[in-house]
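Notes to accompany the following structure.
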Amino acid sequence: MVRITTWNVNGIRNPFGYEPWRKNRTFSAMFDILETDIIIMQELKIQRKDLTDDMVLVPGWDCYFSLPKHKKGYSGVGIYTRQSVCAPVRAEEGLLGVLCPPGSSTPYRERPESDSIGGYPSLARIEALGVDPAALDAEGRCLVLEFPAFVLFGVYSPANSNGLRDNFRYGFLDMLDTRIRNLTKMGKNVILTGDLNVSRDLIDTAKAEDNMKAEGMTHSEYLSTPNRRIFNQLLLNGIVPGERDEGREEPVLYDLCREFHPHREGMYTHWEQKINARPGNFGSRIDFVLCSIKIKHWFQESNIQEGLMGSDHCPVYAVTKDKVLGMGNATQESADDEEHHILDIMNPPGMFRDGVRLREYNAAKDLPPLSGKLLTEFNKRQNIRDMFSKKPTGPKPVNAFTFSSPNATLEGAAAISPKQGADKGSEPAGATNALFPANGQIVHATSPLSSPEKRRASASASPNKSIKRSKSSNPAPNHNAASLAKGQQSLKGFFRSRPKASGPSLGATTTPSLTSVTAANDDAFISSSEDRTEITPPPAAPPAASASQTVMSPTLVCDPGAAQQASKEGWTKLFSKRPPPRCEGHAEPCISLTTKKPGVNRGRQFWMCPRPIGPSGQKESGTQWRCGTFIWASDWKAGD
């Protein structure tokens, strides 16, 4: 079986701030928790330069992105496919085919039929809508992947923006409807997934009735709004008031989640964060997994996952059966009666047979050019594991010398200056290395450069480098004397225990001296104070008391800790926020919000009940949901 999941993540890293995603914080772990094989994510809110290794180089997964060309932190669609289950044969970015594939200057719609997905709306129809095709495809709203079984659309449709982009929004849905119908006429199956930002009927929106009352609309008028009308004409069992539009006489898609749960209320996929609508399930169903009517029997399950946090949307999924009737996008009528394993038609021909893999996935052969792994900054890059597993090119030189006795070895090593001993590359190429085994015997290993002439040439060329000592059982004592005269300690000295000093150490000698000086100064200070006191006696105290109070009296010394604490408490009290008022319905501390609606109150702060809004969408009294408490911040301060 193959599981397809769509999720508007509201920022590609946004879910990692919530459970259960925050534990591992990897995309592979997220996909495993979702138990998905294909995941379509919307509102990535990144640009190409923001893509990182953990987003693109996910082990066992391929990825495809459609990101906005101009706007930053806006829209964006991504599709991840599990390599062990499926592999697309083609991938395209955009809805109209006006964009060019990577490394080519020919748009998708102008490429040969064998090298494109097809079904593009005609240029005449695009021009009739009055929508700039380049602008429509430049916002990162559509990805199209073709498998042998079907064509998969991952879509993030424009949202309702208070009438500012109604033409753009309508044009996008119209072109989406046109291309899906064109592909259906070509004999290809289609699966449409994503955030379409449109609901079907009253059952799919909690605030539908309130909106109808506010605008004075009937149910028929509600269903006849332009975007909703296009959408319902696309769906089987969609309610369309009046006659259908020309070219949309027949439905072509099947709403899997609704058809599996035809009468379920409150099956919402999106909740407004501004009013904290999710706890009360005051939302709408605008995220879908839709399939061609012809392959509706391929699916065994579809549902929402409202319990998974991480966004203002929840995931929606659909699961196929293991074996299905038909050959996918094959146009032969006889193929509809044949049963095939789903993996056979979710991969390029010859990769699976009867659900058994015949050949391994080959990234160089099976990756479409649009794959994120083929982007310049990620393609053919060295894996970090290879950097640590690289073997050294040659043996490292060993800085050692040959002596005939262990004592000579220790004494001779002292003749090496610290600088020379630290430089591993400073010895001549022909030096003889001494290897010291555990038994203390000396084994001589001569390097390839053994000619005396070569050794002399090397020594004369590098006079400052380490010099080979002569083999002698009794080395001349003047070598050690010269070495020690230069301040160089013999290697034996490091292994000898240091003699104990007969007298006190420097630290022990210095400390009493400093203490004595301090004490002497204190005595001098007290004596001088007493002398001054005797010369000018205080009127109400004896001289001894005066001197004692001047120097050592604890009553005149301020406690710095208490003073610091008092100062801290004073400043904290001065700048701390005043406690918020409590709501009338629950006696809980109110939350502070700021008005953003245009008008005279724009920018004003107010207090309101902290609880989420209830299923009715209205403020309620005597319930667990949000009460009607509302206080302007300025009024509360004035009345406090």
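Residue numbers (full-length UniProt numbering): 1 to 640. Here a beta-carbon is modelled for each residue, glycine too, at the ideal position from N, C-alpha and C.
- With a contact defined as Cβ atoms closer than 8 Å, L192 and L253 qualify at about 6 Å.
- Within a 10 Å sphere around the beta-carbon of Q233 sit 16 or more other beta-carbons, which makes this residue buried.
- Within the same chain, and ignoring the five residues on either side of L173 in sequence, the residues whose Cβ sits closer than 6 Å to its Cβ are N227 and I230.
- Contact between T36 and T5 holds, since their C-beta atoms are separated by about 4 Å, short of 8 Å.
- Taking 8 Å as the cut-off, the beta carbon of K323 is found closer than this to the beta carbon of E339.
- Rounded to whole angstroms, the Cβ separation of W7 and P279 is 20 Å, and the two are not in contact under 8 Å.
- DSSP assignment within the stretch 199-269 yields the following whole alpha helix (DSSP H) runs of 4 residues or more, N-terminal first: 208-215, 219-223, 226-234 and 256-260.
- When F31, M309, L152 and T269 are compared, the shortest CA-CA separation from C257 is found for T269.
- Annotation for K321: no alpha helix (DSSP H) segment contains it, and DSSP assigns it neither H nor E.
- No residue range can be given for I275, since it is assigned to no beta strand (DSSP E) and is classified by DSSP as neither H nor E.
- As the crow flies, the alpha-carbon of M186 is around 8 Å from that of G119.
- Between D312 and N10, the C-beta gap is smaller than 8 Å, which places the two residues in contact.
- From the listed residues H586, G599, L136 and F630, the smallest Cα separation to L593 is found for F630.
- Three or more Cβ pairs closer than 8 Å define a contact, and the stretch 30-49 meets that threshold against the stretch 69-83.
- By a beta-carbon distance limit of 8 Å, D201 does not contact S157. Their separation comes to about 18 Å.
- In the three-state reduction of the DSSP assignment, G561 falls in the helix class.
- Excluding the 5 residues flanking it on each side, K619 has same chain C-beta neighbours closer than 7 Å at R626, C627 and G628, in chain order.
- Scanning the stretch 6-67 from its first residue to its last, the whole beta strand (DSSP E) runs of 3-plus residues come out as 38-42 and 61-66.
- In this structure, the alpha-carbon of A138 lies about 39 Å from that of H263.
- Here the stretch 83-101 makes contact with the stretch 136-151; the two share three or more CB pairs at distances below 8 Å.
- The C-alpha of I40 lies about 11 Å from the C-alpha of R3.
- Close CB contacts of R602 within its chain, under the 7 Å cut and outside five residues either way in sequence, are with T595 and K596 (chain order).
- Taking W636 as reference, the option from A563, P579 and P615 with the minimal CA-CA separation is P579.
- Taking R22 as reference, the option from R125, H261, M309 and T376 with the minimal CA-CA separation is M309.
- By the CB criterion at 8 Å, G171 and L136 fall inside the cutoff.
- Going by C-alpha positions, G242 is about 19 Å away from S199.
- Per DSSP, the continuous beta strand (DSSP E) segment holding L192 begins and ends at V190 to D195.
- As a beta-bridge residue in DSSP terms, Y156 pairs with D195.
- Pairing I203 with V190 gives a Cβ-Cβ distance that is not under 8 Å.
- By alpha-carbon distance to T184, the top candidate from E588, P121, E209 and I345 is P121.
- By the CB criterion at 8 Å, I38 and C86 fall inside the cutoff.
- Remark: C-beta atoms of L367 and D62 approach each other more closely than 8 Å.
- When rounded, the separation of the alpha-carbon atoms in A562 and W571 is 14 Å.
- Residue burial annotation: G154 is buried, with at least 16 other C-beta atoms found within 10 angstroms of its C-beta.
- Between P68 and P369, the gap from beta carbon to beta carbon reaches 8 Å or more.
- When DSSP states are grouped into helix, strand and coil, D312 belongs to the coil group.
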